[in-house]
Each structure stands twice: as structure tokens, then as C-alpha cells.
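Residues 166 to 475 (the working numbering) make up the sequence shown, in order.
Beneath this line is the structure, given in C-alpha cells, with notes to follow.
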Amino acid sequence: MKKSGWSFLFITAKSFSRVRQVSISGFMMGFMMLFLLAGIFGLIRIFWFTASFCGAKFGVYDARKDNEALLLKVKFLSKYSDKETQQVNELISFEDKTRLQYGLSRISKDVRMAGVGGIPTKEDLILASLLDPVLMNAETVKENIQFLIRKAELQDSTLSRMTEQVASIHKIWASRPSIWPTIGRITSGFGFRIHPVIGENIFHEGLDIANKPMTLVYATANGVVEHAGPKDYYGNAIFLKHLDNQAETIYGHLNKITVKNGQHVKRGEIIGYMGNTGRSTGPHLHYEVRILGKCVNPLSYILPSDAIID
Ligand SMILES: [Zn+2]
166 MKKSGWSFLF
176 ITAKSFSRVR
186 QVSISGFMMG
196 FMMLFLLAGI
206 FGLIRIFWFT
216 ASFCGAKFGV
226 YDARKDNEAL
236 LLKVKFLSKY
246 SDKETQQVNE
256 LISFEDKTRL
266 QYGLSRISKD
276 VRMAGVGGIP
286 TKEDLILASL
296 LDPVLMNAET
306 VKENIQFLIR
316 KAELQDSTLS
326 RMTEQVASIH
336 KIWASRPSIW
346 PTIGRITSGF
356 GFRIHPVIGE
366 NIFHEGLDIA
376 NKPMTLVYAT
386 ANGVVEHAGP
396 KDYYGNAIFL
406 KHLDNQAETI
416 YGHLNKITVK
426 NGQHVKRGEI
436 IGYMGNTGRS
446 TGPHLHYEVR
456 ILGKCVNPLS
466 YILPSDAIID
């Protein structure tokens with residue numbers, strides 16, 4: 166008689182000589198299927214966990230690599246920032262020296278630091294030390310670079326201002342009478358004297374320098390020709406205006422004039438030749454310096470060296 170239920174055929178190992186047939190009930194079969202499904206589900210879970218773990222491990226590895234790369238970048242930025250800081254400090258040193266040379270007021274440390282705050286404090290650094298090395302270094306470098314940028318911006322501003330001031334000083338220097346107007350022997354100084362032509366004790370408002378006729382005569386400062394030609398007892402004369410009309414130089418008794426009215430001249434430029442025109446007893450140059458319209462001793466406006474100063 167045939168039994169109801171499921172029948173399975175099991176093939177045994179070699180040591181068993183027989184093939185056995187086992188019958189199980191439907192309930193048992195259902196239970197076994199459930200068990201099998203649970204097993205498969207468990208395997209999937211294990212596989213998934215393993216895959217996740219491996220993935221995470223690779224992720225950590227990648228993060229470490231990224232960290233190392235970031236650290237290298239931070240170190241590079243730090244080195245770059247140090248180099249730039251040194252250059253800015255050299256500029257500050259140059260500006261300080263230049264200001265001293267030109268008699269300009271020095272920028273105080275307080276002013277240099279004004280609005281330049283942001284240097285990491287001790288507390289910042291302690292707090293930063295609690296962070297990971299990359300972040301700590303990055304924060305420090307960031308602060309340093311921000312500080313450097315503000316410092317450089319201020320430096321740019323003060324240096325530009327100083328450059329303008331120095332240019333202005335150079336312009337004033339170049340326009341201030343300061344060289345000999347010609348080469349020769351002083352025959353009459355500034356002040357009272359017996360006039361060689363009229364024989365009276367009158368004030369000599371300039372300096373007489375005698376030499377051979379046609380000795381070169383130079384502009385003693387940068388300026389503009391106000392007059393070039395005959396002028397009363399000066400004979401052939403040149404009047405130059407300097408320093409926005411605050412100063413004037415006069416060159417009298419010339420033989421020949423090589424400039425024209427309104428012409429701009431540079432210090433050391435040839436403007437004419439020595440002569441004996443006007444109220445004069447021999448070839449010489451009468452040289453006058455006037456400051457704000459008042460005659461002054463020209464010797465006070467000639468540097469000890471006869472070098473042409475620019
Ligand atoms: Zn004179």
C-alpha cells in the first residue's frame with residue numbers, strides 16, 4: 166500500500182551500499198522550506214554586512230589619503246605664507262628707512278596693527294590643539310594668511326602715500342636753486358659795497374662770478390623762463406621761476422641766451438653764455454636768488470659740492 170506524503174531519494178556515501186528512501190509529511194516539508202529560506206536570508210545579511218564593512222574600510226583608507234594630501238597642501242600654504250610675511254616685513258623695513266631719510270613721519274606699530282587684528286590668541290591655539298592636526302594647521306594657516314593680507318593691504322596704502330610724498334620732495338629739491346650757475350671767480354658778494362660803475366655804497370643783491378666771455382651759464386634749478394632778453398642794467402638777462410613762483414633766479418650781463426620765454430628748463434641745463442652787457446665793467450655773471458620776492462644770499466643756495474643734484 167502506497168503511503169501519502171512526500172518521498173525523497175538520498176544517495177549515500179560510498180561506504181553505504183544501499184540507497185534509502187525517506188518519506189516526510191507536508192508539515193515537516195513546510196517547516197524545512199521555512200528553515201531553508203531563513204538560512205538564505207541569513208546568508209544575504211552576512212554578505213551585506215561583509216560588503217559594508219569592506220566598503221567602510223576602503224572609505225577610511227580613502228579619508229586618510231585625503232587627509233595626508235590636505236596636510237601637504239596646508240604645509241605648502243604655511244610655507245608660502247611665511248615667505249610672503251618675510252617679504253612684507255622687508256617692505257616695511259624699507260619704508261621705515263626711506264621715511265627716516267626723507268624726514269617723513271614713521272608709521273607706528275599701533276597704526277600698522279590697526280584693523281590688522283586676527284592673530285590667533287593663545288586660547289585659539291589651545292582650542293585648535295583639541296582639533297585634529299589637519300584642521301588645527303589649516304585654521305592657523307588661514308588666520309596667518311588673513312592677517313598677512315590685511316597687513317599687505319595696509320602696507321600697500323602707506324607705501325603708495327610715501328611714494329607720492331617722496332616724489333613731491335624730489336620735485337621741491339629739483340626746483341630749489343642749489344648749484345653754481347657758472348665756473349669762475351667771485352668778484353663781488355651779496356651785501357653792501359661800493360659800486361664799481363657808479364661809485365656809491367649800495368646794496369649788491371647778487372653774486373658776481375667772473376671768467377672768460379662765453380663761459381657756460383647753467384640753470385641752477387628746474388624752472389620756467391619768465392624772461393629771456395635785454396633787461397635794464399642787467400643787460401642780456403634770464404629770469405627763471407621755480408617752486409611754483411616761490412623762488413626766482415636771475416642771470417645778468419650775458420653775451421648770448423639759448424632759451425626762450427616760457428621754456429621749461431632742468432637744473433644743470435645750459436641757458437646762456439657769460440658776457441659784459443648792461444651795467445658791467447668786464448665779463449662776469451651777476452647771479453641773484455629771490456625767495457618769495459626777496460633777495461637772499463645766493464651762496465646759501467649753493468651746495469658745498471658743485472655737483473648737479475637731481
Ligand atoms: Zn652783480
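The beta-carbon is built from N, C-alpha and C at its ideal position, and this holds for glycine as well.
| Query | Result |
| --- | --- |
| Near ligand 1: GLY371 beta-carbon under 7 Å from a heavy atom | yes |
| Nearest-angstrom beta carbon gap, LEU408 and SER340 [assumed within contact, 8 Å] | 5 Å |
| The segment 320 to 332 touching the segment 354 to 371, judged by at least three CB pairs closer than 8 Å | no |
| Any non-hydrogen atom of ligand 1 within 7 Å of HIS360 CB | no |
| Cβ pair ILE403, ILE374 closer than 8 Å | no |
| Distance, ALA393 Cα to ARG455 Cα | 17 Å |
| Distance cut-off 7 Å: HIS335 Cβ against heavy atoms of ligand 1 | no |
| Residues near HIS360 by beta carbon distance below 7 Å, same chain, minus five either side | ILE367 |
| Three-state class that DSSP yields for ASP475 in the structure shown | Because the pLDDT of ASP475 is 44, which lies under 50, any placement of that residue in the model is unreliable, and the number read from its coordinates should be weighed accordingly. Reduced to three states, the DSSP call for ASP475 is coil. |
| Every unbroken alpha helix (DSSP H) within the segment 218 to 262, with a cutoff of 4 residues, ordered by chain | none |
| Any non-hydrogen atom of ligand 1 closer than 7 Å to SER270 Cβ | no |
| Through-space distance from ARG315 to LEU236, alpha-carbon basis | 25 Å |
| Any non-hydrogen atom of ligand 1 closer than 7 Å to SER325 Cβ | no |
| Beta-carbon spacing of HIS451, GLY371 below 8 Å | yes |
| Three-state secondary structure assigned by DSSP to LYS421 | strand |
| Delimiting residues of the beta strand (DSSP E) encompassing VAL382 | 381 to 383 |
| For MET198 and PHE206, the rounded distance between their alpha carbons | 12 Å |
| The beta strand (DSSP E) enclosing LYS406, as first and last residue numbers | 401 to 407 |
| Within 8 Å, strictly: CB atoms of GLY349 and ASN376 | yes |
| Per-residue DSSP class, three states only, for GLY195 | helix |
| Residue(s) in a DSSP beta bridge with LEU265 | Looking at the DSSP assignment, LEU265 forms no beta bridge with any residue, so it has no partner. |
| Cβ-heavy atom distance, SER353 to ligand 1, below 7 Å | yes |
| Counted within 10 angstroms of its Cβ, other Cβ atoms place TRP345 as buried (16 or more) or exposed | buried |
| Closer than 7 Å: HIS451 CB and nearest ligand 1 heavy atom | yes |
| Assigned secondary structure, HIS335 (DSSP; H/G/I helix, E/B strand, else coil) | helix |
| Given PRO378 as reference, the closest of ALA384, GLY388 and HIS418 once Cα atoms are compared | HIS418 |
| Selected residue, minimal CA-CA separation from LYS274, among TRP338, ASN254 and THR263 | ASN254 |
| ASN387 vs ARG432 beta-carbon contact at 8 Å | yes |
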